[in-house]
C-alpha cells in the first residue's frame, strides 16, 4: 500500500532530519563532555585532598622542629603551610572551573569535607597553637596529643578521598555507558537515515525509473503513484500527465499520420504543378500556346471541365477570350468579349480579385451562358503583374465545387507566373520591333552616306554626258564616261561593304579578339591594304551585344579609312584591362579634327559610330593631323577586370 506522506517539501524534510540528527549528536557529545569534566574535577579533588593529608603531617613535623631547634623560620614555614591548608579547603568548597576543580555533588562527600573543615578549625588548628605554646614553655605533652589528633584527622581526609574516588568510579561507569549509547545511537541513526532516504528518495526514484522503463517498452498506460506532496510528488504528477498525453497522442498517431500524408501529398501536388507551369512558361512558345498548356495543367490538377484565359484590352476595358480548353464552340463564341463589370468574370476583373462562385447559390439570371453550358461552379483568378491587371483565367466545373484557401493561394501565384510570361512575350516582341527599327534606321543612314551619294554623283555625270553628246565634245564624253565608270565601281564597293556589314554575326562564346582578327583579315583582302593586329592584356569577357556593337563600330572606322584616308597600312589594337580599349590607326592623309568637329552633323559615319558606342556605354575619340594619319579609339568600360601580366601580342600582316 502506498503511503501518502503529507508535509513540507523534500528539501524541508531533509533539513529537519539533519537538524534532529545534529541536535541528538550535540546532546550526546555534551553529556559525555560534562561527565569527563566531572571526572577531571573529581581527580583534582583527590589530588588536593592528598596534598592536604601530606600537609597535615608536614605541619606536625615543622611544629616538632620548631620546638627542637627554636628556629623562628621553621615556625614561619609552619604558619605558611597552615595558611595553604586553609586555602585548599576554601578552594575545594568554592571550586575552580579553569583547572577544572569541582567537588562532587554527593552529600556524603560534602558532609565529610565539612567535617574535615570543622575539625580543622575547631580542634586541629587550636591544638597546634596550644602545643606550640606549651612546647615553648617546655611541656611536650601537647605534641603527643597533636600526633594522636593528626592521625585521626588524616583518617577523615582519607575518607573524603575514598568517597571521591568511588564517585569518580561511578562517573567513569556512566561515561562508558554513554559511549556504548553513542555507538547504539550512531547505528540507530544510520539505519533511520537509510530508511528515511529510501522512503523519501530511493523509492520515488525507483518508481519513476520503473514508469520510464514501462514507457520505453511501449506501455503508455503506465502511471506512477503520487505518494508525497514534495518535489518527487510533482515529478510523479508531471510524469503521469506526460504519459496521458503520450497515450492520447499514440492513440491518434495513425490518424494524424494519415492526415499529414494527405497534406504532404497535396503540397507535393501543388509544388509539382507550380514546377510544371513554371517550366512551361519558360519554354520557347507563342503566348497562345503556353496559355493553352497552362489551362490543360490546371484542369488536370483540379479536375475541371473547362478553362479559359481572357486578356484585358486597355483601350476599351474589355476582356477578350484569348485561349480556351474544354469549352464548346457555342459557349466560346458567346463569351468571346465581355465588358468590365459584366457577369461574374467581369465583376471579378473589375475589383482585381479572385472569386469562386457556385451557380446554385446565386440568382438564376446571373451567368446564364455558364448555366446553359452545364457548368455549376465558376472559378475566376486574376492575371496581374505588380497590381496591374493583364487579364483573368477561369476554371469551369460541372458540379458544385469549393476550392480551399491553400489552392486559391496557389492559383493566385500561378496567375502571377502567367502574367510574367505574357509580359515577357510582349517585351520580347517590342525588343524585336525596336531592333528591326534600329537596323532599318542604320540601313537608311548607310544608304544615304554611300550609295545615295554615289547615285547622285552618277546622275550629275549622266546629265553632263547628255550635254557633251549634244555638243559632240568627244574629250568631255571620254572624261564623263571615265567618271561614270568610277562611280559605278564605287557604288559596287559600297554595296558589297554594306552587305558584309550586315552579315556580321557573333559566334557563341567566341572571343572578341578572334572576331576582330577575322574581320581585319577580310578587310585587308578586300581593300588591298596592309593590316596589323595586336591583342594584349586580360579582362572580363564581353557580352554578345557589346561585342556585336564593337564589331560594327570598328568596321565603320575601317570603312572610313578605305574611303577617305588614302592609307597603305592599317593597325587594329586591342588592350584588355578594367576597360577595353580598341584602336584603329592608319598612315593616310589625315585631317583637321577641329574642322571635322564643326562638320560633325554632316559626317554620318562618325555619327553612326558614336551612336552605337553610346548604346553600350562606350566613347569614341578621334586623333588626327593633316598628312599624319588618324587614330580612332573606342573605350568600353566593363567593370572591375583583372589585368594579366606578361600579355601576349599577336600580329597579322597581309
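Numbering (my numbering), first residue to last: 214 to 867.
Glycine residues also receive a C-beta, built at the ideal position from the N, C-alpha and C atoms.
Selection from 759, 823, 601 that minimises the alpha carbon distance to residue 724
Ranking the options by Cα distance to residue 724, first place goes to 759.
Are three or more beta carbon pairs between the region 255–263 and the region 477–490 nearer than 8 Å?
Using a Cβ-Cβ distance cut-off of 8 Å, the region 255–263 and the region 477–490 are not in contact, since fewer than three pairs of beta carbons, one from each stretch, lie closer than that value.
Should residue 635 be labelled buried (16 or more other beta-carbon atoms within 10 Å of its own) or exposed?
By the 10 Å Cβ count, residue 635 comes out buried.
Locate the beta strand (DSSP E) running through residue 596, then write down its first and last residues.
Here the beta strand (DSSP E) through residue 596 covers 590–598.
Residue 410: buried (16+ other C-beta within 10 angstroms of its C-beta) or exposed?
Burial call: exposed.
Can you tell me whether residue 228 is buried or exposed, with buried defined as 16 or more other CB within 10 angstroms of its CB?
By the neighbour-count rule (16 or more Cβ atoms within 10 Å), residue 228 is not buried but exposed.
So, are the CB atoms of residue 559 and residue 508 less than 9 Å apart?
Their beta carbons are not under 9 Å apart, which means residue 559 does not touch residue 508 by this criterion.
Below 8 Å, how does it come out for the region 598–608 and the region 453–463: are there three or more Cβ pairs, yes or no?
Not touching, per the Cβ criterion.
Skipping 5 residues on each side, what residues in its chain have a beta carbon closer than 8 Å to that of residue 566?
Listed in chain order, the non-local C-beta contacts of residue 566 below 8 Å within the same chain comprise 595, local neighbours out to five positions each way being set aside.
Determine, using beta carbons only, whether residue 301 and residue 255 come nearer to each other than 9 Å.
Not in contact: residue 301 and residue 255 (Cβ atoms no closer than 9 Å).
Among 288, 526, 241, 266, nearest to residue 387 - alpha-carbon criterion
With distances taken between Cα atoms, residue 387 lies closest to 241.
Residue range of the unbroken alpha helix (DSSP H) whose run includes residue 500
Looking at the DSSP string, the run of the alpha helix (DSSP H) that includes residue 500 is 500–515.
Leaving out five residues on either side along the sequence, give the residues of the same chain with a beta carbon under 6 Å from the beta carbon of residue 623.
The beta carbon of residue 623 is closer than 6 Å to those of 483 in its chain, skipping five residues each way along the sequence.
Which class does residue 290 belong to by DSSP, given the choice of helix, strand or coil?
If DSSP states are grouped into helix, strand and coil, residue 290 belongs with the helices.
What span of residues does the alpha helix (DSSP H) with residue 432 cover, start to end?
Where residue 432 is concerned, there is no enclosing alpha helix (DSSP H), given that its DSSP letter is neither H nor E.
Distance, Cα to Cα, residue 814 vs residue 806?
Per-residue confidence for residue 814 stands at a pLDDT of 45, beneath the threshold of 50, marking its modelled position as unreliable; the derived number appears in the next sentence. Residue 814 and residue 806 have their alpha carbons spaced roughly 14 Å apart.
Compare the Cα-Cα distances from residue 290 to each of 223, 283, 272, 306 and report the closest residue.
Looking from the CA of residue 290, the closest CA among 223, 283, 272, 306 belongs to 272.
For residue 368, count the other beta carbons within 10 Å of its own beta carbon; 16 or more makes it buried, fewer makes it exposed. Which is it?
Exposed.
Contact under 9 Å by Cβ, residue 682 with residue 673:
Residue 682 is not a Cβ neighbour of residue 673, given a cutoff of 9 Å.
Thinking just about the alpha-carbon of each residue, which of 251, 282, 330, 297 is nearest to the one in residue 312?
When the alpha-carbon of residue 312 is set against those of 251, 282, 330, 297, the nearest one is in 251.
How many whole angstroms separate the CB atoms of residue 608 and residue 511, which I take to be in contact at a CB cut-off of 8 Å?
Indeed, because the Cβ distance is near 6 Å, the residues count as touching under 8 Å.
CA-to-CA distance, residue 849 to residue 748, given in whole angstroms
Counting only the Cα atoms, residue 849 lies some 15 Å from residue 748.
Applying the 10 Å Cβ sphere with the 16-neighbour rule, what's the burial state of residue 564?
Burial call: exposed.
Extent of the continuous beta strand (DSSP E) run through residue 844
According to the DSSP assignment, residue 844 belongs to the beta strand (DSSP E) that extends over 843–850.
Tell whether a beta-carbon distance below 9 Å holds between residue 520 and residue 533.
No Cβ-Cβ contact shorter than 9 Å links residue 520 with residue 533.
With a 10 Å radius around its C-beta and 16 neighbouring C-beta atoms as the bar for buried, classify residue 417 as buried or exposed.
When all chains shown are included, residue 417 counts as buried.
Coarse secondary structure for residue 284, derived from DSSP in three states:
Looking at residue 284 - three-state DSSP - the assignment turns out to be coil, as it is neither helix nor strand.
Considering just the uninterrupted stretch of the beta strand (DSSP E) at residue 606, what are its terminal residues?
601–610 is the extent of the beta strand (DSSP E) around residue 606.
So, using beta-carbon positions, are residue 828 and residue 762 closer together than 9 Å?
Yes. Within cutoff.
Helix, strand or coil at residue 537 according to DSSP, with G and I counted as helix
Strand.
Since residue 729 contacts residue 785 with CB under 8 Å, what's their CB separation in whole angstroms?
Indeed they touch by this definition, with Cβ atoms about 6 Å apart.
Would you say the beta carbon of residue 731 comes nearer than 8 Å to a heavy atom of the ligand ZN?
This structure lacks the ligand ZN; in fact it carries no ligand of any kind.
At least 3 beta-carbon pairs within less than 8 Å: the region 447–454 vs the region 420–433:
In short, these stretches touch, since the Cβ pair count reaches three.
Hey, how far is the Cα of residue 529 from the Cα of residue 550?
So the two alpha carbons sit approximately 11 Å from each other.
Cutoff 6 Å; reference residue 833; Cβ partners in own chain excluding five residues on either side:
So the list reads 822, 823, 826, 847, once near-sequence residues are dropped.
Which word fits residue 640, buried or exposed, when buried means at least 16 other C-beta atoms lie within 10 angstroms of its C-beta?
Exposed, because fewer than 16 other Cβ atoms sit within 10 Å of the Cβ of residue 640.
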